[in-house]
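Worksheet: the structure to be examined is printed underneath.
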Amino acid sequence: MGDKNWTLTLYPKGDSRAESKLSTFLHLADGETLGMILVRVHLQVLDPRGSNHLKCCFKSWVMVSNRAQGMPQFMTLAKIQEAYLDLEDSLNVEIECEVVNAS
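1 is the number of the first residue of the sequence shown in the UniProt record's numbering; add one for each residue after it.
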């Protein structure tokens with residue numbers, strides 16, 4: 001995305017700031033250099049039984065001092081287990097990202 005390598009990190013049980021909640025972060029990959037990049041992210045946790053997908057969107061600047069952006073408290077673990085795991089206990093997530101502006 002934007003001629004840079006990125007990674008998406010999901011913490012299904014939460015990161016250190018959000019215990020028992022799904023946390024998601026978009027990171028600029030190690031070794032990538034940047035000035036400032038404005039990214040728009042559309043994230044969707046898919047409902048395996050229907051169309052009650054859980055969606056979130058955010059737009060944020062990624063810069064040298066802040067190489068990752070995300071949602072530390074996106075969804076509770078209880079809600080994931082109750083409604084969003086498929087028959088194999090997998091969580092299906094779709095993400096769409098775009099660079100809005102770079103300097």
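Glycine is no exception: its CB is placed at the ideal position from the N, C-alpha and C atoms.
- Counting other Cβ atoms within 10 Å of its Cβ, residue 69 reaches 16 or more and is therefore classed as buried.
- The distance from the Cβ of residue 10 to that of residue 93 is about 7 Å, consistent with a contact at the 8 Å cut-off.
- Counting along the chain, the unbroken beta strand (DSSP E) around residue 68 starts and ends at 68-76.
- A contact is defined here as three or more CB-CB pairs under 8 Å, and the stretch 69-78 meets this definition with respect to the stretch 16-31.
- With contacts defined by Cβ atoms closer than 7 Å, residue 80 and residue 8 do not form a contacting pair.
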